[in-house]
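Asker: Let me give you the structure first, and then I'll get to my questions.
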Amino acid sequence: MKHTLIGAAFALALGAMPALADYPAKEIQGIIQWGAGGSTDTVARAVTPHAEKVLGGTIVMQNLTGGVGAIALNKVAEDPADGYTILFGAENPLLYKVMKLGDKDYSDFIPINLLARGTPILVARPDAPFDTFPEMIAYINANPKAVKFGSTGPGGLPSVVTAMINAKTPVDVTYVPYDGDGPALTALQGGAIDVMPAVLGAAIEAIKGGKMKPIALFDVNPSPALPDVPTITSTNPEFAGYLPWGPFFGVFVKKGTPDDVVAKLVAAYAEATKHPDFVALIDARGFTMMSLSGAEAESFLADWQSTTSWLVHEAGLAKASPADFGIPKP
Numbered sequence: 011m012k013h014t015l016i017g018a019a020f021a022l023a024l025g026a027m028p029a030l031a032d033y034p035a036k037e038i039q040g041i042i043q044w045g046a047g048g049s050t051d052t053v054a055r056a057v058t059p060h061a062e063k064v065l066g067g068t069i070v071m072q073n074l075t076g077g078v079g080a081i082a083l084n085k086v087a088e089d090p091a092d093g094y095t096i097l098f099g100a101e102n103p104l105l106y107k108v109m110k111l112g113d114k115d116y117s118d119f120i121p122i123n124l125l126a127r128g129t130p131i132l133v134a135r136p137d138a139p140f141d142t143f144p145e146m147i148a149y150i151n152a153n154p155k156a157v158k159f160g161s162t163g164p165g166g167l168p169s170v171v172t173a174m175i176n177a178k179t180p181v182d183v184t185y186v187p188y189d190g191d192g193p194a195l196t197a198l199q200g201g202a203i204d205v206m207p208a209v210l211g212a213a214i215e216a217i218k219g220g221k222m223k224p225i226a227l228f229d230v231n232p233s234p235a236l237p238d239v240p241t242i243t244s245t246n247p248e249f250a251g252y253l254p255w256g257p258f259f260g261v262f263v264k265k266g267t268p269d270d271v272v273a274k275l276v277a278a279y280a281e282a283t284k285h286p287d288f289v290a291l292i293d294a295r296g297f298t299m300m301s302l303s304g305a306e307a308e309s310f311l312a313d314w315q316s317t318t319s320w321l322v323h324e325a326g327l328a329k330a331s332p333a334d335f336g337i338p339k340p
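Okay, so the sequence shown: first residue is 11 according to my numbering, each after it adds one.
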């Protein structure tokens with residue numbers, strides 16, 4: 011009789027909780043680290059509907075900006091590790107420690123899928139008084155502080171590309187901060203700023219539409235998406251040591267999330283990256299598909315953090331040495 015009562019109580023308790031096998035049993039909250047219209051937002055919103063179909067659930071997307079992405083990251087870190095809050099993030103958290111923006115990075119999360127990586131490009135307003143990188147440098151040198159550079163804060167792609175520029179060809183410009191490359195590129199088209207280091211994928215449609223002009227692709231090879239745009243190394247070979255380098259976009263959950271929930275999310279996003287519509291978007295925007303999870307994703311994150319942390323440190327932009335956090339020098 012005693013065993014029967016215990017068994018009944020156990021069964022009742024199990025019935026009161028959503029079984030992990032039923033995941034997702036309710037809506038999933040998807041937190042996007044950057045603003046609407048930017049690269050992270052575009053990639054996240056393009057892949058997630060296909061993942062939802064595999065999961066058999068709904069992911070409600072929300073842009074949560076601020077703190078160079080830290081507000082979104084901390085939101086997901088503070089929520090329960092149950093798979094019902096997921097983060098759509100970019101590369102920025104890997105620099106939080108050396109930039110003294112926070113004590114968390116992706117070591118506190120599980121990478122569900124590192125979806126794709128982007129190529130940096132330097133773009134200018136259409137009527138900017140320069141067309142090439144050497145012309146831009148000459149104009150800046152002749153007009154200190156006159157040129158306005160868009161920025162997304164410390165640790166973002168614009169700050170890293172600007173660090174590369176300052177390390178090789180120092181520029182005396184005025185920096186204007188924005189919450190993501192989407193708002194910054196909109197400001198560029200409106201003439202509020204003159205130059206913006208951006209992800210090719212976020213700028214390509216405006217470039218093709220004549221709303222901004224490309225100055226240089228920060229890569230060692232031309233992009234098939236814009237083959238006529240010169241690489242930075244074609245005019246300034248001294249940048250070759252930094253390249254190839256670029257941002258990335260991924261899906262993350264808090265460490266401690268149950269293994270079977272992680273497995274379902276990993277399978278869903280791996281399948282979603284194969285959808286023809288998503289593949290077409292990645293190709294059209296000039297991104298490079300990765301679709302990495304598990305050990306491959308962890309290795310990519312570690313290598314990216316090592317390379318970029320030391321780059322910004324040696325450029326004098328870091329607030330602390332990567333060595334203070336055990337980040338190995340590449």
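Even glycine gets a Cβ: it sits at the ideal position worked out from N, Cα and C.
Values in this document were obtained by computation on a predicted structure and should not be read as measured data.
For A208, write down the residues that DSSP places opposite it in a beta bridge.
Answerer: I131
Asker: How about K38 and I122: are their beta carbons less than 8 Å apart?
Answerer: For clarity, residue 38 is Ile in the given sequence; the question names Lys instead. Against a cut-off of 8 Å, the Cβ pair of I122 and I38 comes out as no contact.
Asker: Assuming E101 contacts F258 (C-beta within less than 8 Å), just tell me the rounded distance between them.
Answerer: The Cβ separation is near 5 Å, so the contact holds.
Asker: As a quick exercise: from T129, N231 and V78, pick the residue whose alpha carbon is nearest that of M348.
Answerer: A question about residue 348 goes unanswered here, because the residues of the chain that appear run from 11 up to 340.
Asker: Could you give the distance in angstroms between the alpha-carbon of P168 and the alpha-carbon of G251?
Answerer: Looking at the two C-alpha atoms, the distance is approximately 18 Å.
Asker: Along the beta strand (DSSP E) that carries A226, what are the first and last residues, could you check?
Answerer: K223 to L227
Asker: Are the segment 190 to 204 and the segment 130 to 140 in contact at 8 Å, needing three or more beta carbon pairs?
Answerer: Per the Cβ contact rule, the segment 190 to 204 is in contact with the segment 130 to 140 (3 or more Cβ pairs under 8 Å).
Asker: For my contact list, T317 and S233 are in at a C-beta cut-off of 8 Å; report their separation, rounded to the angstrom.
Answerer: Not quite, the Cβ-Cβ distance comes to about 21 Å (not below 8 Å), so this is no contact.
Asker: Looking at C-alpha atoms only, which residue of M300, L74, L195 and A307 is the closest neighbour of A117?
Answerer: It should be noted that the sequence gives Ser, not Ala, for residue 117. Comparing Cα positions, the closest option is A307.
Asker: According to DSSP, is S331 part of a helix, a strand, or is it coil?
Answerer: coil
Asker: What's the gap between the Cα of P224 and the Cα of G260?
Answerer: 26 Å
Asker: Assuming I214 and A226 make a contact with CB atoms under 8 Å, what is their CB distance in whole Å?
Answerer: About 15 Å separates the two Cβ atoms, so there is no contact after all.
Asker: What residue range does the beta strand (DSSP E) around Q39 cover?
Answerer: According to the DSSP assignment, Q39 belongs to the beta strand (DSSP E) that extends over I38 to I42.
Asker: Does V157 come out as helix, strand or coil in the three-state DSSP assignment?
Answerer: coil
Asker: With distances taken from CA atoms, which of K329, H323 and L327 is nearest K339?
Answerer: H323
Asker: In the structure shown, what three-state DSSP assignment does A126 receive?
Answerer: strand
Asker: Would you mind listing the beta strand (DSSP E) stretches within the segment 65 to 129 that are 3+ residues and don't spill past its ends, in chain order?
Answerer: 69 to 73, 95 to 99 and 119 to 127
Asker: Give me the residue from V171, A235 and T68 with the minimum Cα distance to K36.
Answerer: Here the closest residue by C-alpha is T68.
Asker: Find out if the Cβ-Cβ distance for the pair L124, M299 is shorter than 8 Å.
Answerer: no
Asker: Is the beta carbon of G99 sitting closer than 8 Å to the one on L83?
Answerer: yes
Asker: Exposed or buried, which one is D287 when buried takes at least 16 other CB atoms within 10 Å?
Answerer: exposed
Asker: Apart from the five residues on each side of it in sequence, which residues of its chain come closer than 6 Å, Cβ to Cβ, to F297?
Answerer: A126, G128 and G211
Asker: Check S319 in the structure and name its three-state DSSP category.
Answerer: Residue state, collapsed to three classes: helix.
Asker: Please confirm whether Q199 and K218 have their CB atoms less than 8 Å apart.
Answerer: no
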